[in-house]
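*Asks:*
Residue numbers (this note's numbering), protein chains in the order written: chain A, 12 to 116; chain B, 2 to 504.
1) Using a 10 Å radius around the Cβ and a threshold of 16 neighbouring Cβ atoms, would you call residue 159/B buried or exposed?
2) At which residues does the alpha helix (DSSP H) containing residue 490/B begin and terminate?
3) Measure from the alpha carbon of residue 401/B to the alpha carbon of each residue in 501/B, 476/B and 374/B, then state which is nearest.
4) For the stretch 23–101 of chain B, which segments carrying the alpha helix (DSSP H) assignment without a break, of at least 4 residues, lie completely within its bounds, in sequence order?
5) For residue 28/A, which residues of its own chain have a beta-carbon under 7 Å away from its beta-carbon, when the five flanking residues on both sides are left out?
6) Give the straight-line distance between the Cα atoms of residue 419/B and residue 131/B, rounded to the nearest whole angstrom.
7) Name the DSSP bridge partner or partners of residue 405/B?
8) Ends of the alpha helix (DSSP H) at residue 54/A?
9) Under three-state DSSP, which class holds residue 116/A?
10) Bridge partners of residue 416/B, per DSSP?
11) Using the rule of at least 16 other Cβ atoms within 10 Å of the residue's Cβ for burial, across every protein chain shown, is residue 252/B buried or exposed?
12) Where does residue 499/B fall in DSSP's three states?
13) Apart from the five residues on each side of it in sequence, which residues of its chain come closer than 7 Å, Cβ to Cβ, to residue 103/B?
14) Mind pulling the chain B residues with CB within less than 8 Å of residue 80/A?
15) If contact means a Cβ-Cβ distance below 8 Å, which residues of the stretch 423–455 of chain B contact chain A?
16) How many Å lie between residue 112/A and residue 98/A at the Cα?
17) Using 8 Å as the cut-off, can you tell me whether the stretch 77–87 of chain B makes contact with the stretch 134–148 of chain B, which would need three or more C-beta pairs spanning the two stretches below that distance?
18) Go through its chain and collect everything with a Cβ distance to residue 511/B's Cβ below 6 Å, but skip five positions before and after it.
19) Between residue 73/B and residue 153/B, what straight-line distance do the alpha-carbon atoms span, to the nearest angstrom?
20) Between the C-alpha atoms of residue 375/B and residue 9/B, what's the straight-line distance to the nearest angstrom?
21) Which residues, in order along the stretch 260–274 of chain B, keep a beta-carbon less than 7 Å from a beta-carbon of chain A?
22) Taking Cβ to Cβ, would you say residue 425/B is nearer than 9 Å to residue 378/B?
23) Using three-state DSSP, classify residue 95/A as helix, strand or coil.
24) With a threshold of 8 Å, are at least 3 pairs of Cβ atoms found where one atom belongs to the stretch 355–366 of chain B and the other to the stretch 75–88 of chain A?
25) Tell me which same chain residues have a C-beta within less than 8 Å of the C-beta of residue 15/A, skipping the five on either side of it?
26) Could you tell me the distance, in whole angstroms, from the CA atom of residue 44/B to the CA atom of residue 120/B?
27) Looking at chain B, which residues of the stretch 88–99 of chain A have a Cβ within less than 9 Å of any of its Cβ atoms?
28) Roughly how many angstroms separate the alpha carbons of residue 103/A and residue 62/B, rounded to a whole number?
29) In or out: residue 1/B buried (at least 16 other Cβ within 10 Å) or exposed?
30) Could you give the C-beta distance for residue 331/B and residue 406/B, rounded to a whole number, given that I count them as a contact under 8 Å?
31) Going by DSSP, what residue range makes up the alpha helix (DSSP H) through residue 290/B?
32) Residue 528/B and residue 92/B look like a contact to me (Cβ under 8 Å); what is the Cβ gap, rounded to whole Å?
33) Starting from the beta carbon of residue 106/A, find every residue of chain B whose beta carbon is closer than 7 Å, and list them in chain order.
34) Are the C-beta atoms of residue 340/B and some chain A residue less than 9 Å apart?
35) Three or more C-beta pairs closer than 8 Å, one from the stretch 256–267 of chain B and one from the stretch 185–193 of chain B: is that the case here?
36) Evaluate residue 492/B with the Cβ neighbour count: other Cβ atoms within 10 Å of its Cβ, from every protein chain shown; 16 or more gives buried, anything less gives exposed.
Here it is, written out as structure tokens:
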């Protein structure tokens, strides 16, 4: 069953949706950068970005009235955006055999 | 008219033609472009690029006229109505993207296949047929505009389907031209050598030509009709065009940054898989409110949430390549536009798309200026940018593969053109976002999608001022375009150094 977003939640819906994608990309970029630069700070920042993503997903799920099977989308976003950057990173390593970053040689 | 009168007219006309010819020759001399630097295939490619730039100008011009009509509805009323300006604005965009893509493919075809283009003569004929047809269609749009509700109007004036309004004869012509293009691509690779890039390109062109046919038949039920219409609009753009850009990008990364073939091809396969995995069923977000079954709400919502993942993957991969290649490249303006593509695609398609794509909010936002906001940034970010990158690549070789790295004369021009065009489009996107937010709030949520709600929203100060800002940023975009054209005509003119070789 679909329950539309309430009038008062319009802004929070747009904002949290955008934040999901931006935090997801920030997490992916910081994760990759932490490997390239071998700095722990970037790794911590990447997890911070993921924490922002979790909050954004929770806020979006509430604002968009996700319930029942709609919550699967929230789970898919949390799981997908957590593992996708790790998977993408490993694909980068595997596909660049002669050009590996210092941290992964 | 007397014989003397006729002779005077002929003399006058021939004098005018001579003058025009002389001016054209002077212009060509001033350009100092030497086509002998280009292979015959690439000479065909730059013809496509040239028309693409002219159509890009038409897109901006008619966009500015339509934007002005939002503020002054009486402007050009019954001469060039908003409906006509909007149609030409969008059609010009679609067609200049296609011209750009075809030009890009012809540009890479000979080098990638290792042989000359098989049907070059046919390709040249197809170019002139397509260009004549496009000119005629635009003239009919502008001068005839509408016809009676008969089949003859559908065949000769306007097919009536939004975004693909070209009359039926032109539709058939487009398919024929695309088939010639397809033949040239397949026959050339068959004669020369196949590669991963060639395979993906060939399969994508089959889908590109095939999906267009879905917009060429009518059904009496509007839901059924819209169902198929979206196959052209969504699947063309979010599947076949994205893959085409992936192919062009893969090839240009090899040439500009020196990335290894094996790497770009593997990534091309990964991105195509991710793109098709999320993009095809992402089509569902267009089926929310057209009368299709309810399961499309769930399918559309779920796959729309996944659609940004390939875009994130591209950003990470770009970072990896940047890290390993330290951004050493042979053409600074082209690489700058490719970077603009990575970000523009991510923000325009990913962020702006997901912000309003879940059905719970899309109920209020679909068909408002929200869609226009998303469309402006996504089309420019994903597609215009890669074409502009190729314009710079083409001009570099047209001038004899000259240096286009640091320390170029008048370096500021391409940087300012890049800045103005991107700032202009981003500014329009933000202005339309505000207008769309106001519209979905007042017209849809408060006004309940009634005519009263519509007019309340259209006359609201927030909407009106957002539209004024949209026009302002449209003018910024136009200024960027003028500078871009000036730069393309002059860049590398006095350069004597050869392009940097990238290993």
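Just so you know, even glycine gets a beta-carbon here, dropped at the ideal spot from N, CA and C.
*Replies:* Looking at the coordinates:
1) Reading the second chain from its first residue, position 158 is the one you call residue 159/B. Result: buried.
2) Position 489 of the second chain, counting from 1, holds the residue named residue 490/B. Here the alpha helix (DSSP H) through residue 490/B covers 462–491.
3) Numbered from 1 along the second chain, position 400 holds the residue referred to as residue 401/B. Comparing Cα-Cα distances from residue 401/B to each of 501/B, 476/B and 374/B, the minimum goes to 501/B.
4) 41–72
5) Here residue 28/A refers to the residue found at position 17 of the first chain. Here the set comprises 71.
6) Here residue 419/B is taken as the residue at index 418 of the second chain, counted from 1. Here residue 131/B is taken as the residue at index 130 of the second chain, counted from 1. Computed Cα separation, rounded: 30 Å.
7) Here residue 405/B refers to the residue found at position 404 when the second chain is read from its first residue. Partner(s): 332/B.
8) Working through the first chain from its first residue, we reach residue 54/A at position 43. Element bounds for residue 54/A: 51–74.
9) For the purposes of this step, residue 116/A is taken as residue 105 along the first chain, with counting starting at 1. For residue 116/A, the pLDDT reaches just 37, beneath the cut-off of 50, and the residue's location in the model is therefore unreliable, although a value from the coordinates is still provided. Three-state result, residue 116/A: coil.
10) Mapped onto the second chain, residue 416/B falls at position 415. In the DSSP output, where bridge partners are listed per residue, residue 416/B has none listed.
11) As a working mapping, residue 252/B is identified with position 251 in the second chain. The residue in question, residue 252/B, is buried, as its Cβ has 16 or more Cβ neighbours within 10 Å.
12) Mapped onto the second chain, residue 499/B falls at position 498. Three-state DSSP puts residue 499/B in a strand.
13) Within the second chain, the letter at position 102 stands for residue 103/B. Within the same chain, residue 103/B has close Cβ partners 49 and 182.
14) Here residue 80/A corresponds to residue number 69 of the first chain, with the count starting at 1. Those within 8 Å of residue 80/A in chain B are 299.
15) 438, 441, 442, 446 and 447
16) Reading the first chain from its first residue, position 101 is the one you call residue 112/A. Reading the first chain from its first residue, position 87 is the one you call residue 98/A. Confidence in residue 112/A is poor, its pLDDT being 49 and thus under 50, which makes the residue's placement too unreliable to answer from.
17) yes
18) The shown model of chain B, from 2 to 504, leaves out residue 511/B, and the question about it has no answer.
19) Reading the second chain from its first residue, position 72 is the one you call residue 73/B. Reading the second chain from its first residue, position 152 is the one you call residue 153/B. Whole-angstrom Cα-Cα distance: 34 Å.
20) Mapped onto the second chain, residue 375/B falls at position 374. Mapped onto the second chain, residue 9/B falls at position 8. Their backbone Cα atoms lie some 56 Å apart in a straight line.
21) 264, 267, 268 and 271
22) Here the question's residue 425/B lines up with position 424 in the second chain. Here the question's residue 378/B lines up with position 377 in the second chain. Contact: no.
23) Start at 1 with the first residue of the first chain, and residue 95/A comes out as number 84. Here residue 95/A sits in helix by DSSP.
24) yes
25) Here residue 15/A refers to the residue found at position 4 when the first chain is read from its first residue. The residues are 76.
26) On the second chain, position 43 is the one that residue 44/B refers to. On the second chain, position 119 is the one that residue 120/B refers to. Between residue 44/B and residue 120/B, the C-alpha separation is close to 14 Å.
27) 88, 91, 92, 95, 96, 98 and 99
28) Taking the first residue of the first chain as position 1, residue 103/A is located at position 92. Taking the first residue of the second chain as position 1, residue 62/B is located at position 61. The straight-line gap from Cα to Cα measures roughly 43 Å.
29) Absent from the model: residue 1/B. The displayed extent of chain B is 2 to 504, so no value can be given.
30) For the purposes of this step, residue 331/B is taken as the residue at position 330 of the second chain. For the purposes of this step, residue 406/B is taken as the residue at position 405 of the second chain. With a Cβ gap of about 7 Å, residue 331/B and residue 406/B count as contacting.
31) Mapped onto the second chain, residue 290/B falls at position 289. Element bounds for residue 290/B: n/a, residue is neither H nor E.
32) A question about residue 528/B goes unanswered here, because the residues of chain B that appear run from 2 up to 504.
33) Counting from 1 along the first chain, the entry for residue 106/A is found at position 95. Here the neighbours are 264, 267 and 268.
34) Translated into positions along the second chain, residue 340/B becomes position 339. No - not a single Cβ of chain A is within 9 Å of the one on residue 340/B.
35) no
36) Taking the first residue of the second chain as 1, we reach residue 492/B at position 491. Per the 10 Å Cβ criterion, buried.
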